[in-house]
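Chains as they are written, first to last, in this note's numbering: chain A, 18 to 415; chain B, 18 to 415. Reviewing the structure listed below.
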């Protein structure tokens, strides 16, 4: 079993941000797995999405259920094999999991208060810049690959545009060249739920010893709906009632029912506020759990980084022109049931790369799980990634 | 121009509800348009969805912008022609627009307090029963048709099941035989936003002279996202920034851009809380407007009526068996971009009716507007409804 050891790198020089602001001094949390080879050619950087961190793979010593968020993908003998690659997980600025963020002391104040809502808006481009500085300090000039899913995929794409000479491959999974209006809309509703929670206090709730948990719960519930496909939600929950007896396997078929929707139908409670259906119970549970550990200001920052990402914007809306600078080879993966970052959005990136005669592989995986599929271990998906990294390994000689 | 006159019918006899509770005495608000013929054979009942009322068509005398919610569909010479049909719009119990609901005085209390959260849970079946009692009082035994969209379509379906001998036709538009897990999930998030608003006070906020506006705003924003299609949202708002200059017609094409997404790109504000994109501004506006007039308890009641509707439930999950009792002829209409009540859900109803050898027409309209399309005047959609009612008119001799 891979044992993960979180590390922190301190940076004294200010980081200039896209917005024009800067972060004066900061820490970046990271973890590494596997060994950097003598040629320093086998490093792979993993970028995280909304609710994740530098803890990508392995477990913490002596801590049960502490698997990294992409542990099914990364480790000894796994699709991204840490026996061959030196893998780096990095936590982004503005996070609440280690790197400098809203919960840290604001060095611009002399009263010792934390940043809170004063933490500057950070973009995908800023994160990529900070990641590049971390790699400088780790003595890694060129990455074998940068890989990420969803918002992490945007960072992998950003690497190919901002540091085209520093990566051989970009692996962009379940991602998009920018958010649609609907994506932004869901983010906005989540942000409004947080910001209008009376416990938010304009983002300076820490001073009031409260947390805007109501808003965080709503934000997370909305998120969960958009991570899953309609089909998998029907399959997992359907119209099953909370507390209804579970029928034994095969019972539905035996009863001749065509649909599992009424599995274990019990009397309705006829209540507007009590949990009636399993899906309600699931969402409330996920919301409560999230509100217990996630930072409200981090949620605002990360959803905004998603909203702002749009490399075509500086090129009159042309993604083809935006990607002309990229040199890396690309693997793109999408999932047919992902309605948050639909395959059509990945195909836009594929097309723009092909317009530029770039080397691009693309796999559209028929997995049922929606956007969440990128975190799960579908065998077709994993074999695509495994095959790709086998080729990368040969290319860098590991 | 059709002038609408709201009317109210009082009922002294208690209404027994599906839940086992009852409403002691109540008012039902309604409007009628056109003339009931001598044979009393030309009456059409219109059932409303979440955010609507008995004010279906026409305008109120001397009141600007007071068109009924389905005025494009119903009126003199319109698809449902009030020169031929006697059309009845009815407001459902639990509403906040006239019929008895949470904002009315609770007769079970002697302190004059309103129902608030004590208003009993009402179902589609209960509404249909109340509508039937109203028709009794209006002296109408048999309806030429019952028509509704979305939740209104569920009521039209309910009529065919509860009073099969009292309607000739059921017109079920953009509806479903029950909600999916995803539908319930969106309802639940909206309800949690309302119920966890500190101004909700367990549903008895009226006594505190406050309104849970934060929760209502979030509920409405979520609703709006699900009413529109992804495509129409991109077309209408895309990634357009708030306050950015609007480009003249044709400017994008002239610039050779393939996509309207960057129309009028201006500098980003880099803010997590200010409006940056037009879609945010639209959603906030819709949320604010809704919170000013809609009742929070009504929102809970109506979303729950949606959740509970499931005629197949009493028949082991078989919609075919549930619809065996129906005698009416059916028109079903769905819209290809409606992801809230997708065409596949209408097709389930069509299939179950055909299984029972019922007379059913079905139109799947390729309109871009998502669920909202049922309220708009797409010419293909309106011509289908017009042709259908021409036949109904011949059948009843008007």
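Note that CB positions come from ideal geometry on N, CA and C, so glycine has one too. The model shown is predicted, which means the values in this text are computed figures rather than measured ones.
| query | Who does residue 379 of chain A pair with in a DSSP beta bridge? | reply | Partner residues in the beta bridge of residue 379 of chain A, as assigned by DSSP, are A:349.
| field | Beta-bridge pairing of residue 64 of chain B - partner residues as DSSP gives them | value | Answer is B:165.
| Under 8 Å between C-beta atoms, does residue 290 of chain A make it to chain B? | Cβ-Cβ to chain B under 8 Å: yes for residue 290 of chain A.
| residue 47 of chain A: first and last residue of the uninterrupted alpha helix (DSSP H) it sits in | Where residue 47 of chain A is concerned, there is no enclosing alpha helix (DSSP H), although the beta strand (DSSP E) around it starts and stops at 43 to 50.
| task | Identify which residue in B:59, B:27, B:54 has its Cα closest to the Cα of residue 409 of chain B. | result | Of B:59, B:27, B:54, the residue nearest in Cα terms is B:59.
| For residue 279 of chain A and chain B, any beta-carbon pair shorter than 8 Å? | Because residue 279 of chain A sits at a pLDDT of 45, beneath the cut-off of 50, its placement in the model cannot be relied upon, and the following sentence gives the value as read from the coordinates. Output row for residue 279 of chain A: interface = yes.
| task | Along the beta strand (DSSP E) that carries residue 27 of chain B, what are the first and last residues, could you check? | result | Its beta strand (DSSP E) spans residues 24 to 28.
| request: Output yes or no for whether 8 Å exceeds the beta carbon distance between residue 418 of chain A and residue 163 of chain A. | output: What is shown of chain A runs 18 to 415, which leaves residue 418 of chain A out entirely.
| message | Please report the straight-line C-alpha distance between residue 80 of chain B and residue 391 of chain B, rounded to a whole angstrom. | response | Their Cα atoms are separated by approximately 25 Å.
| field | Length of the line joining the Cα atoms of residue 239 of chain A and residue 203 of chain A | value | Between residue 239 of chain A and residue 203 of chain A, the C-alpha separation is close to 7 Å.
| query | Is the CB of residue 166 of chain A under 8 Å away from at least one CB in chain B? | reply | Answer no: the Cβ-Cβ gap between residue 166 of chain A and chain B never drops below 8 Å.
| task | Could you tell me whether any Cβ in chain B is nearer than 8 Å to the Cβ of residue 340 of chain A? | result | No, because no Cβ of chain B sits closer than 8 Å to the Cβ of residue 340 of chain A.
| 8 Å Cβ cut-off: residues of chain A touching residue 261 of chain B | Going along chain A, no residue has its Cβ under 8 Å from residue 261 of chain B, so there is no contact; the nearest lies around 12 Å.
| task | Determine the extent of the alpha helix (DSSP H) in which residue 186 of chain B is found, giving its start and end residues. | result | Taken as a continuous stretch (DSSP letters only), residue 186 of chain B belongs to no alpha helix (DSSP H), being part of the beta strand (DSSP E) at 184 to 190.
| Assigned secondary structure, residue 157 of chain A (DSSP; H/G/I helix, E/B strand, else coil) | Residue state, collapsed to three classes: coil.
| request: For chain B, find out if any of its Cβ atoms is closer than 8 Å to the Cβ of residue 315 of chain A; answer yes or no. | output: Output row for residue 315 of chain A: interface = no.
| Does DSSP put residue 273 of chain A in a helix, in a strand, or in coil? | Residue confidence is low: residue 273 of chain A scores 38 on pLDDT, short of 50, so the model does not pin down where it sits. Its coordinate-derived value is still stated next. Residue 273 of chain A: coil per DSSP, three-state reduction.
| message | Could you check whether residue 169 of chain B and residue 314 of chain B sit closer than 8 Å to each other, using their CB atoms as the reference points? | response | No, these two residues do not count as a Cβ contact at 8 Å.
| query | Does residue 300 of chain A get closer than 8 Å to chain B when you measure Cβ to Cβ? | reply | Answer yes: the Cβ-Cβ gap between residue 300 of chain A and chain B drops below 8 Å somewhere.
| said: Looking at residue 103 of chain B: is its Cβ nearer than 8 Å to the Cβ of residue 195 of chain B? | reply: With respect to residue 195 of chain B, residue 103 of chain B sits apart: the two C-beta atoms are not nearer than 8 Å.
| task | Specify the secondary structure class of residue 32 of chain A as computed by DSSP and reduced to three states. | result | In this structure, residue 32 of chain A counts as strand in the three-state DSSP scheme.
| said: Restricting to runs no shorter than 4 residues, where is the alpha helix (DSSP H) found entirely within the region 284 to 353 of chain A? | reply: Listed in chain order, they are 295 to 310, 313 to 325, 336 to 339.
| query | CB-CB under 7 Å to residue 395 of chain A, same chain, minus the five flanking residues each way: which ones, in chain order? | reply | Within the same chain, residue 395 of chain A has close Cβ partners 382, 384.
| message | Here's the rule I'm using: 16 or more other beta-carbon atoms within 10 Å means buried, otherwise exposed. How should residue 49 of chain A be labelled? | response | Label assigned to residue 49 of chain A: buried.
| task | Pair every Cβ in the region 182 to 194 of chain A with every Cβ in the region 151 to 163 of chain A, then say whether three or more of these pairs are closer than 8 Å. | result | The region 182 to 194 of chain A, when compared against the region 151 to 163 of chain A, does touch it at the 8 Å Cβ threshold.
| said: Assess contact between the region 90 to 99 of chain A and the region 108 to 116 of chain A, defined as three or more Cβ pairs (one per stretch) separated by less than 8 Å. Is contact present? | reply: Because the criterion of three Cβ pairs below 8 Å is not met, the region 90 to 99 of chain A and the region 108 to 116 of chain A do not touch.
| said: Between residue 416 of chain A and chain B, is any beta-carbon pair separated by less than 8 Å? | reply: Absent from the structure is residue 416 of chain A, since the part of chain A shown begins at 18 and ends at 415.
| query | Taking Cβ to Cβ, would you say residue 134 of chain B is nearer than 8 Å to residue 233 of chain B? | reply | In this structure, residue 233 of chain B does not lie closer than 8 Å to residue 134 of chain B by Cβ.
| message | I'd like to know whether the C-beta of residue 206 of chain A is nearer than 8 Å to at least one C-beta of chain B. | response | By this cut-off, residue 206 of chain A is an interface position.
| Per DSSP, what kind of secondary structure is residue 214 of chain A in: helix, strand or coil? | Coil.
| message | Can you check which of these residues, A:57, A:29, A:25, is closest to residue 413 of chain A by C-alpha distance? | response | Distance from the Cα of residue 413 of chain A is smallest, within the candidate group A:57, A:29, A:25, for A:57.
| task | Taking the CB atoms as reference points, tell me whether residue 172 of chain B and residue 64 of chain B lie closer together than 8 Å. | result | The answer is yes: Cβ separation under 8 Å.
| said: Going by the DSSP bridge assignment, what does residue 98 of chain B pair with across the sheet? | reply: Residue pairing for residue 98 of chain B: DSSP places it in a beta bridge opposite B:92.
| query | Can you pull the DSSP bridge partners for residue 106 of chain A? | reply | For residue 106 of chain A, which the question treats as bridged, DSSP gives the partners A:48, A:63.
| request: Put residue 409 of chain B into one of helix, strand or coil per three-state DSSP. | output: In the structure shown, residue 409 of chain B adopts helical secondary structure according to DSSP, grouped into three states.
| Boundaries (first-last residue) of the alpha helix (DSSP H) holding residue 18 of chain B | Per DSSP, residue 18 of chain B lies in no alpha helix (DSSP H) and is assigned neither H nor E.
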